[in-house]
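The listed protein sequences correspond, in order, to chains A and B. Okay, so the first sequence: first residue is 58 according to my numbering, each after it adds one. Okay, so the second sequence: first residue is 58 according to my numbering, each after it adds one. Beneath this line is the structure, given in structure tokens, with notes to follow.
There are 2 protein chains.
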Amino acid sequence: MSFFASRWVPRPAHVREDDRGGLPRGFRAAGVAAHVKASGEKDLGLLVADAPETVSAARFTRSGVLAAPVIVSRERAEVGRLRAIVANSGNANAATGSEGVDDALATQAAGAAAAGVDQLHVAVASTGVIGVPLPLDRVLAGIEEARGELRTDGDRDFAEAIRTTDRFAKRASLVVELPSGDVRLTAQCKGAGMIQPNFATMLCFVQTDALLEPETADLLLGVTVKRSFDRISVDGQLSTNDTVVLMASGASGVKVEPLSEDELRLGEALDALLRQLALLIVADGEGAGRIGRVVVSGGDQESVERVAREVANSPLVKTALNGGDPNWGRIAQAVGGALLDRSPLPFDIAIEGVTVFADGGALRFDQDALNAAVRRDEVEYVVALPGEGAETEVFFSDLGHEYVTINAEYTT
Amino acid sequence: MSFFASRWVPRPAHVREDDRGGLPRGFRAAGVAAHVKASGEKDLGLLVADAPETVSAARFTRSGVLAAPVIVSRERAEVGRLRAIVANSGNANAATGSEGVDDALATQAAGAAAAGVDQLHVAVASTGVIGVPLPLDRVLAGIEEARGELRTDGDRDFAEAIRTTDRFAKRASLVVELPSGDVRLTAQCKGAGMIQPNFATMLCFVQTDALLEPETADLLLGVTVKRSFDRISVDGQLSTNDTVVLMASGASGVKVEPLSEDELRLGEALDALLRQLALLIVADGEGAGRIGRVVVSGGDQESVERVAREVANSPLVKTALNGGDPNWGRIAQAVGGALLDRSPLPFDIAIEGVTVFADGGALRFDQDALNAAVRRDEVEYVVALPGEGAETEVFFSDLGHEYVTINAEYTT
């Protein structure tokens with residue numbers, strides 16, 4: 058099956074999937090079982106960029122409660138010049154106080170030794186149970202083991218090592234045809250599922266052998282994260298650990314100048330990559346059966362954002378999506394809840410291209426056809442507010458029994 | 058069992074439950090089966106205040122999408138001088154366009170004829186399925202039938218007639234000892250359950266025979282609604298139909314002057330009444346097993362409000378409450394999600410009086426004792442933000458399988 062499986066993310070014409078797999082030139086990775094997880098599954102990933110000229114960019118959660126690895130990566134590393142990443146699953150090293158920060162720093166130092174770089178050039182990331190001290194000895198032993206297993210096709214093991222409750226590993230390996238030559242683009246990602254028994258995190262690591270300025274890497278990542286990971290919601294909950302890192306080794310020799318056609322095309326490829334990965338995260342939310350997309354247009358930016366979030370996070374909308382129910386009344390209710398004191402508020406609602414609500418009341422439509430349409434894997438809702446101008450979208454998972462089972466029935 | 062069943066709402070010493078029941082002097086009510094509901098259960102309530110000097114006050118939903126009865130009661134009635142209420146269940150008359158407003162006006166006119174008052178003195182309220190035209194003929198016939206059944210002890214039938222999926226009717230009948238004499242205080246209320254198959258509404262009607270100025274009624278209702286119905290969340294969803302009406306007949310002859318001890322005591326009684334009714338609504342949320350209370354203190358008013366709402370509406374917190382899991386990590390995560398970009402953010406979390414998190418990390422505590430404490434019917438969470446000053450609370454229901462069953466498996 059094609060990586061670009063969603064109708065909402067067409068594959069750009071200059072992007073093709075790379076059957077060969079493996080990392081772009083300049084990168085090696087490994088994933089090992091460090092026994093942070095009791096299950097004995099892989100739980101420690103090491104990623105190294107060998108070229109000193111590698112540049113990078115990163116984005117982190119905006120939560121007011123930051124996990125120790127986020128604090129360390131953000132404040133104790135040069136995010137524009139990362140050469141190595143240490144990522145573990147099984148323990149988020151979050152809500153662990155100053156000892157947690159010490160543990161993250163020790164992890165960073167071990168990663169630096171393993172990669173042969175300065176500690177400032179190492180990012181750390183963790184996902185898993187929170188409030189429990191990181192088993193540092195195991196992590197350090199795991200780094201040492203991973204160092205011996207670094208390979209150019211180690212991205213598969215690396216992706217395995219960052220999984221928590223993800224039902225499937227999320228990876229991609231692409232070739233991007235730029236005017237100045239072909240470059241490769243790979244990514245490994247894990248989803249925001251809630252886990253054993255605490256909540257988890259979204260992590261995404263992206264590599265390319267394109268030759269970029271640090272500013273270009275930062276710009277491209279910033280723009281594409283806003284259109285992908287910032288536009289999804291599994292349950293409206295922000296993690297303490299979310300981390301996205303883009304690294305560019307330059308090893309292809311294909312230089313991507315600012316404001317060039319190369320930059321535009323690479324940006325399009327990165328955009329499609331991250332949007333599809335974001336949709337995979339939504340699709341892999343707990344109990345998720347269907348993905349919803351809500352598009353809100355009209356009015357001002359604040360209003361469309363508020364409406365889109367309210368719809369995407371509404372448990373009534375999410376349960377209706379789960380049940381395959383074209384329940385436009387719940388969409389109308391969410392719009393009203395988002396825009397307080399704004400009555401009368403004329404707006405339209407369309408579901409799967411069928412306008413079902415306008416001028417404050419229901420329209421006639423083919424109920425059987427709509428019933429069938431909302432029972433497919435992806436359901437699209439469009440809300441048109443009065444006026445023109447702003448537009449936004451949010452992708453969201455449904456809410457089903459499995460979410461409750463996972464989150465209510467696991468206990469600490 | 059005492060009406061004041063929650064430990065969070067102590068019965069004021071000057072308030073006692075009225076075993077006799079029935080409405081305060083000056084009121085009559087009825088509830089009949091008008092066949093708006095297919096089930097044949099009672100679905101139309103009529104409440105009449107016979108005394109021309111009756112005063113009233115009302116509060117309505119702030120949704121940007123207002124149901125027709127809310128529009129009519131708010132804009133086409135004198136909310137300070139209401140003499141009658143027509144309330145139906147089984148159909149919310151929401152998202153029904155201009156025809157819906159016409160139907161609500163016709164209902165109001167019929168209520169006026171039944172009560173023998175001007176149409177301006179009649180409020181209308183509806184709850185039930187949305188987006189479906191009100192069956193006006195049945196409603197009008199029901200009003201005519203209810204007119205013949207008005208009785209001073211009709212509050213029980215009236216309360217039955219406004220139920221939707223409420224598992225139990227919500228009523229109270231109290232005697233309030235004021236310095237100037239005893240007055241009676243009654244209420245009928247229905248909860249914000251999501252229903253067959255659409256969402257529903259909170260309705261509350263309160264009566265007293267105290268003699269009040271309209272300004273006093275409005276002040277008392279405004280203050281007490283803010284501390285009760287404004288502080289609860291079943292699923293964070295705002296209804297299109299929420300309506301609260303207080304009516305005071307003055308028939309007791311006990312005059313409640315502004316700024317008097319009488320006013321203070323009546324306010325305390327109304328406060329306890331509405332808070333306990335609000336808790337009954339939370340307890341009767343779909344699938345609700347436990348009620349949570351989150352108290353947030355410190356910082357500024359906006360921060361405490363934001364944190365309290367984020368905790369109360371977090372599906373992770375709500376599923377943990379359902380599962381009887383003292384999962385403080387989810388509370389910490391919700392606090393971080395509410396206060397973006399505020400790291401490092403020192404705060405404490407206590408569950409059932411046990412501080413479990415401070416200085417960014419977990420504390421040691423008796424896990425078995427806490428496990429037992431969070432498996433009781435009511436669970437209290439306290440979040441202490443840095444600084445002093447602001448404080449707020451939100452009461453919330455848990456999230457369990459029955460919520461998903463009701464909302465995902467019913468289909469239109």
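In this text, a Cβ means the ideal position worked out from N, Cα and C, and glycines have one as well.
Note to self: Rounded to the nearest angstrom, what separates Pro254(A) and Asp455(A) at their Cα positions?
What the structure shows: Unreliable placement is indicated for Pro254(A), whose pLDDT of 39 sits below 50; no coordinate value is reported for it.
Note to self: Assuming the contact rule is C-beta atoms closer than 8 Å, Leu101(B) and Val112(B) should be a hit. Round their C-beta distance to whole Å, please.
What the structure shows: Incorrect: roughly 25 Å between the Cβ atoms, too far for contact.
Next item on the list: Enumerate in chain order the residues of its own chain whose CB-to-CB distance from Ala441(A) is below 7 Å, with the five nearest sequence positions on each side excluded.
Entry: Excluding positions up to five away in sequence, the list reads Ser354, Gly355, Phe404, Asp405.
Check: If you count every other CB in all the chains shown that lies within 10 Å of the CB of Ile252(A), and 16 or more means buried, which is it?
Finding: Confidence in Ile252(A) is poor, its pLDDT being 38 and thus under 50, which makes the residue's placement unreliable; the coordinate value appears in the next sentence. So Ile252(A) counts as buried.
Next item on the list: Report the residue from Gly380(A), Ile408(A), Glu132(A), Ala163(A) whose alpha carbon sits nearest the alpha carbon of Leu193(A).
Entry: Among Gly380(A), Ile408(A), Glu132(A), Ala163(A), the Cα nearest to that of Leu193(A) belongs to Ala163(A).
Note to self: Using C-beta distances below 6 Å, list every residue in its chain close to Arg387(A), excluding the 5 sequence neighbours before and after it, in chain order.
What the structure shows: The residues are Leu373, Val374, Ala377.
Item checked: Close-in-space but distant-in-sequence residues of the same chain around Arg195(A) (CB under 7 Å, 5 per side omitted) -> Short of 7 Å from the beta carbon of Arg195(A), and not among the five residues preceding or following it, lie these beta carbons of its own chain, in chain order: Ala91, His92, Val93.
Next item on the list: Determine the direct distance from the alpha carbon of Val291(A) to that of Glu409(A), and round the result to whole angstroms.
Entry: If you take the alpha carbons of Glu409(A) and Val291(A), they lie about 21 Å apart.
Next item on the list: Would you verify that the beta carbon of Gly147(B) is, or is not, closer than 8 Å to some beta carbon of chain A?
Entry: Judged by the 8 Å Cβ criterion, Gly147(B) is not in contact with chain A.
Check: Is it buried or exposed for Met304(B), if we count other Cβ within 10 angstroms and need 16 for buried?
Finding: It counts as buried.
Notebook entry, point to check: Are the C-beta of Pro443(A) and some C-beta of chain B separated by less than 8 Å?
Noted result: By this cut-off, Pro443(A) is not an interface position.
Item checked: Neighbourhood of Asp434(B) by C-beta distance below 7 Å, restricted to the same chain and skipping five residues each side -> Arg347, Ile348.
Check: chain B beta carbons: is any one of them nearer than 8 Å to that of Ile157(A)?
Finding: It is Gly, not Ile, that sits at residue 157(A) in the sequence shown. For Gly157(A), a Cβ of chain B is located within less than 8 Å of the residue's own Cβ.
Check: With Arg140(B) and Ala106(B) assumed to form a contact (beta carbons below 8 Å), what rounded beta-carbon distance in angstroms separates them?
Finding: The Cβ separation is near 5 Å, so the contact holds.
Margin query: Beta carbons nearer than 8 Å to chain B: which residues of the stretch 383–415 of chain A have them?
Written below: Those would be Pro383, Asn384, Trp385, Gly386, Arg387, Ala389, Gln390, Ala391, Val392, Gly393, Gly394, Ala395, Leu396, Leu397, Asp398, Arg399, Ser400, Pro401, Leu402, Phe414, in chain order.
Notebook entry, point to check: Which word fits Met259(B), buried or exposed, when buried means at least 16 other C-beta atoms lie within 10 angstroms of its C-beta?
Noted result: With 16 or more Cβ atoms within 10 Å of its Cβ, Met259(B) is classed as buried.
Note to self: According to DSSP, simplified to helix, strand and coil, what is Arg195(A)?
What the structure shows: For Arg195(A), the secondary structure class from DSSP, reduced to helix, strand or coil, is helix.
Check: From Ala329(A) to Asn384(B), what distance separates their C-alpha atoms?
Finding: Roughly 37 Å between the two C-alpha positions.
Item checked: Beta-carbon neighbours of Ser371(B), restricted to chain A and to distances below 7 Å -> Chain A residues near Ser371(B): Gln294.
Next item on the list: Could you check if Arg64(B) is buried or exposed, using at least 16 other CB atoms within 10 Å of its CB as the buried criterion?
Entry: By the 16-neighbour rule on beta-carbons within 10 angstroms, Arg64(B) is exposed.
Notebook entry, point to check: Measuring CA to CA, which of Gly344(B), Asp75(B), Glu135(B) is closest to Val240(B)?
Noted result: The residue with the shortest Cα to Cα distance from Val240(B) is Asp75(B).
Margin query: I'd like the span of the beta strand (DSSP E) that includes Glu74(B), first residue to last.
Written below: Residue range 72–74 is occupied by the beta strand (DSSP E) that includes Glu74(B).
Notebook entry, point to check: Using 8 Å as the Cβ pair cut-off and three pairs as the minimum, do the stretch 310–326 of chain B and the stretch 198–213 of chain B touch?
Noted result: Under the 8 Å Cβ criterion, the stretch 310–326 of chain B does not count as touching the stretch 198–213 of chain B, having fewer than three qualifying pairs.
Next item on the list: Tell me, to the nearest whole angstrom, how far the beta carbon of Gly393(B) is from that of Thr297(A); I am working on the premise that it is less than 8 Å.
Entry: Approximately 6 Å separates the beta-carbon atoms of Gly393(B) and Thr297(A); this is inside 8 Å, confirming the contact.
Notebook entry, point to check: Residues in its own chain within less than 6 Å of Glu46(A) by CB, not counting five upstream and five downstream?
Noted result: A question about residue 46(A) goes unanswered here, because the residues of chain A that appear run from 58 up to 469.
Check: Using the rule of at least 16 other Cβ atoms within 10 Å of the residue's Cβ for burial, across every protein chain shown, is Phe256(A) buried or exposed?
Finding: Residue placement at Phe256(A) cannot be trusted, given a pLDDT of 48 that sits under 50; what the coordinates show is reported in the next sentence. Buried: at least 16 other Cβ atoms inside 10 Å.
Next item on the list: Please work out which residues of its chain come closer than 8 Å, Cβ to Cβ, to Asp473(A), disregarding the five sequence neighbours upstream and downstream, and give them in chain order.
Entry: Because chain A is modelled from 58 through 469, residue 473(A) falls outside the range shown and cannot be assessed.
Notebook entry, point to check: Can you tell me whether Pro401(B) is buried or exposed, with buried defined as 16 or more other CB within 10 angstroms of its CB?
Noted result: By the neighbour-count rule (16 or more Cβ atoms within 10 Å), Pro401(B) is not buried but exposed.
Notebook entry, point to check: Taking the C-alpha atoms as reference points, what is the distance between Asn150(B) and Ala365(B)?
Noted result: Answer to the nearest angstrom: the Cα atoms are 32 Å apart.
Next item on the list: With DSSP collapsed to three states, give me the class of Asn148(B).
Entry: Assignment of Asn148(B) by DSSP, reduced to helix, strand and coil, places it in the strand class.
Note to self: With a threshold of 8 Å between beta carbons, is Ile289(A) in contact with chain B?
What the structure shows: No, Ile289(A) does not count as interfacial toward chain B.
Next item on the list: With DSSP collapsed to three states, give me the class of Ala134(A).
Entry: Three-state result, Ala134(A): coil.
Notebook entry, point to check: CA-CA distance, Gly97(A) and Gly154(A)?
Noted result: Their backbone Cα atoms lie some 27 Å apart in a straight line.
Check: Given that a residue counts as buried once 16 or more other Cβ atoms are within 10 Å of its Cβ, and exposed if not, what is Ala87(A)?
Finding: Classification of Ala87(A): buried, given that the 10 Å Cβ count is 16 or more.
Check: Taking the continuous beta strand (DSSP E) assigned at Arg59(A), which residues delimit it?
Finding: According to the sequence shown, residue 59(A) is Ser rather than Arg. Under the DSSP assignment, Ser59(A) falls outside any beta strand (DSSP E); it carries neither an H nor an E label.
Notebook entry, point to check: Whole alpha helix (DSSP H) runs in the stretch 236–311 of chain A with 4 or more residues, listed along the chain?
Noted result: Runs found: 271–283.
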